[in-house]
Amino acid sequence: MATAAHDSKLSGQGHTYRRFKDGDHEWGNMHDSIFVQDTSHKCPTYIHKTPPCQGSCPSGEDIRGWLQIVRGIEKPPVGMTMQEYAFRRSTNANPFPSMMGRVCPAPCQTGCNRNDVDDFVGINSVEQYIGDSAIAAGFKFEAPAELSGKKVAIVGGGPAGMAAAYQLRRMGHASTVFEQHPELGGMMRYGIPGYRVPRDKLGAEMQRIIDMGDITIKCNTTVGKDVTIETLESDFDAILWTVGCWNGRGLFVDKFAETPNCVSAVDFLEAYNKGTMKYTAPRVVCVGGGDTSIDVVSVSRRIGTLANYAENAEDSATGKLVHGEVGEKAAPAVTLTTLFPLDQMTAAEHEVQDALKEGVTILTEVMPTALVLDENGRAIGLKVVECVMKGNMPVAKEGGKETIIEADIIVSAIGQFGKLDGIEALNNGRNQINADALYQVPGKPGHFAAGDAVRPHLLTTAIGQASIASETINQYLRAEELKKRPKVDKHHFDLMEKLHEAGLDPAGYEDSRAEDMRGTDGAKYAVHNYDDRSKNVIVPSKDLFLGHFNTVARNLRTEDVPTAEEVLGHFAERMNPLAEADAVNEAKRCMSCGMCFECDNCVIYCPQTAVYRVPKKQATLGRYVATDYSKCIGCHICADVCPTGYIEMGLGE
């Protein structure tokens, strides 16, 4: 057997590809193990499981599915390109592939089983390729022509609100989106700078949703101020609250809240992204460590400062002062402090490295202890001390060094909470909105909530919550019983849908009763020996045959990151997309965990020729091989050499 003596280890990774432990790697008696194994009741079963990339994705994308499409394993329907098919599979869960391919911190890549071979699959880079290709080709979303007659009010036009409008329209429900800002996008537009989220592509992905029809947009409209809750309850059949979190948390030091030039990252970035703040103070200090803090310091280095800077920095950073066009600038001194070591910051690693290259000073493992104030009560510095983490709390290190960082403005990027003015009835006491597991607001029938208003987290988390909330709203509007969510709550590949798409629907069971019931290998009413456990099981790397996979370097996106000398005025996008060939090659690195990817190992290694390829006209993804039970002796070699964990010896158990 090919696995028997395979004992190669990857340098520095401390793991083995061997399927068996020492002493278990060879058969004691081939005759007993193979030729009389027909006494076993076990035969191969084909088990669909959820890959850990999808299990780690808060929006639940069928990542393995669209990687299989890009690489050419799963074929699109006749008349559809690979790019469009991948786009439609991706956007079942997430209507913003171009955006998420750029800015999502990619928990899917952290979860990727390929990390136990060499390095994760560049999922984000392939997703960006899918999203950008869709925009370039002008792909549109499909929506049913017949509407339910129900109307949903969506309060908030950010990623959660617009994802919900999209999902609800696919279900046949019209909606009206109330957005307080002049344009749609929420934190994607007003919290992330344009060199990370190109505004033309953001606009295209928003417009594609609106183009589905029967989605009304009302910008510059604040519910609780311009429209009352009572009006929404009267005019709409359901209300979804996706209001986000537009207040930033202040630092836990004395007098931060009342010190004028201490501001939140939310206000700072909103002022920049609205275009009202075109430069900042000469000395900027930001406290954080996540992606938001990186955006603050990177923006500060880009917009620069003035040689004769004479204003109060907080005025422009909070939108009170609108900057006009200015002349010559210089890059300010920018410092970021964080509680954690550099490699443990919550910001994406490449964002941290980019900030360092751009001239940002990062002080790690320090905690703020006090503001240094002048006679007017303005901050002129921030005192920090070396710290250690005890649980989730920082504690000053005994004898730790103290440092005073000079500052003209201090920005807090340590968290956000809701701004619920005018809708206080929804406030749970923590400036957020309560929601149950189905995203219903407890005690308020017809009210639902999703996104940061429920729990501040990632953009992709908000998109995933909106999808589940939309399904709940759909059941509510149709007066259906609310369904319990599955253990692994994702947008799963559905083999029955795939068979239908390929014109291979199983025959009715009634037509096949005369057939032998001892197995389904020849039955027309069943999918041969297939079991879908994707809603319950996430397949770990230990269930794969890792020895099948060679070490293959990632196809990396290139970045145009300015140096400290070049950063001033550098607003071009940093992340370059993959070319098609590179996107295809990167998709080929996917190990297809939990689903057959047609490698033929089981066919090649079966000593009884019991495992065979399904005839091409009857085959599709997930039904590439089958087993002749009259030949199978239960030797389990096929399961041992299956790279993806798709085959298990379980029939009869």
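Counting from 1, position 369 in the sequence shown corresponds to residue 369 in full-length UniProt numbering; the numbering is continuous, with no gaps.
Using N, Cα and C, we set each Cβ at its ideal position, and we do this for glycine too.
Residue 381 counts as buried, since no fewer than 16 other beta carbons sit within 10 angstroms of its beta carbon. Following the DSSP letters along the chain, one finds residue 53 inside the alpha helix (DSSP H) bounded by residues 52 to 56. DSSP places residue 111 in the uninterrupted alpha helix (DSSP H) bounded by 107 to 111. At a cut-off of 3 residues, the continuous stretches assigned as beta strand (DSSP E) that sit fully inside the segment 391 to 449 are 393 to 396, 402 to 406, 409 to 412 and 447 to 449. DSSP links residue 649 through a beta bridge to 44.
Assigned with DSSP and collapsed to three states, residue 339 falls in coil, not helix or strand. Here residue 80 is exposed: its Cβ has fewer than 16 other Cβ atoms, across all protein chains shown, within 10 Å. Excluding residues up to 5 positions away in sequence, 205 lie with their Cβ nearer than 6 Å to the Cβ of residue 96 in the same chain. Contact annotation, residue 608 with residue 647: C-beta distance approximately 15 Å; criterion of less than 8 Å not satisfied. Leaving aside the five residues that flank residue 51 on each side, the residues in its chain whose CB is nearer than 6 Å to its CB run, in chain order, 64, 593 and 594. In this structure, residue 387 lies away from residue 336, with their beta-carbon atoms at least 7 Å apart.
Between the segment 486 to 495 and the segment 156 to 173, the count of C-beta pairs closer than 8 Å stays below three; the two stretches do not touch.
When 345, 599 and 411 are compared, the shortest CA-CA separation from residue 267 is found for 411.
About 16 Å separates the beta carbons of residue 523 and residue 44, which is beyond the 8 Å limit, so they are not a contact pair. In this structure, residue 300 sits near residue 280, with a CB-CB distance shorter than 7 Å. Residue 265 and residue 319 do not touch by the CB rule: their CB atoms are close to 14 Å apart, not below 8 Å. Taking each of 456, 554, 394 and 137 in turn and checking the Cα distance to residue 109, the smallest one comes out for 554.
Annotation: the continuous beta strand (DSSP E) that includes residue 283 extends over 283 to 288. Taking every protein chain shown into account, the CB of residue 219 has fewer than 16 other CB atoms within 10 angstroms, so this residue is exposed.
Apart from the 5 residues on each side of it in sequence, residue 536 sits with its Cβ closer than 8 Å to the Cβ of 486, 487 and 488 in its chain, given in chain order. Judged by DSSP in its simplified three-state form, residue 66 adopts helix.
Classified as exposed, residue 404 has fewer than 16 neighbouring CB atoms from the shown chains inside 10 Å of its CB. Contact between residue 88 and residue 584 is absent: CB atoms are separated by about 18 Å, not below the 8 Å threshold. Going by DSSP, residue 477 is part of the alpha helix (DSSP H) stretching over 459 to 477. In this model, residue 574 and residue 561 are separated by some 6 Å (Cα to Cα). With 16 or more other Cβ atoms inside 10 Å of its own Cβ, residue 543 counts as buried. The Cβ atoms of residue 558 and residue 576 lie closer than 7 Å to each other.
Here the segment 166 to 174 lies against the segment 135 to 152, with 3 or more beta-carbon pairs under 8 Å apart. Only buried fits residue 111, as 16 or more other CB atoms lie within 10 angstroms of its CB. Residue 612 is bridged by DSSP to 626.
For residue 125, the enclosing alpha helix (DSSP H) stretches over residues 123 to 137. At least 7 Å separates the beta-carbon of residue 240 from that of residue 417. As computed with DSSP, residue 151 is found in a beta bridge with 174. Only exposed fits residue 563, as fewer than 16 other CB atoms lie within 10 angstroms of its CB.
Per the coordinates, the alpha-carbon of residue 121 lies some 24 Å from the alpha-carbon of residue 195. Judged by their CB atoms, residue 260 and residue 314 are nearer to each other than the 7 Å cut-off.
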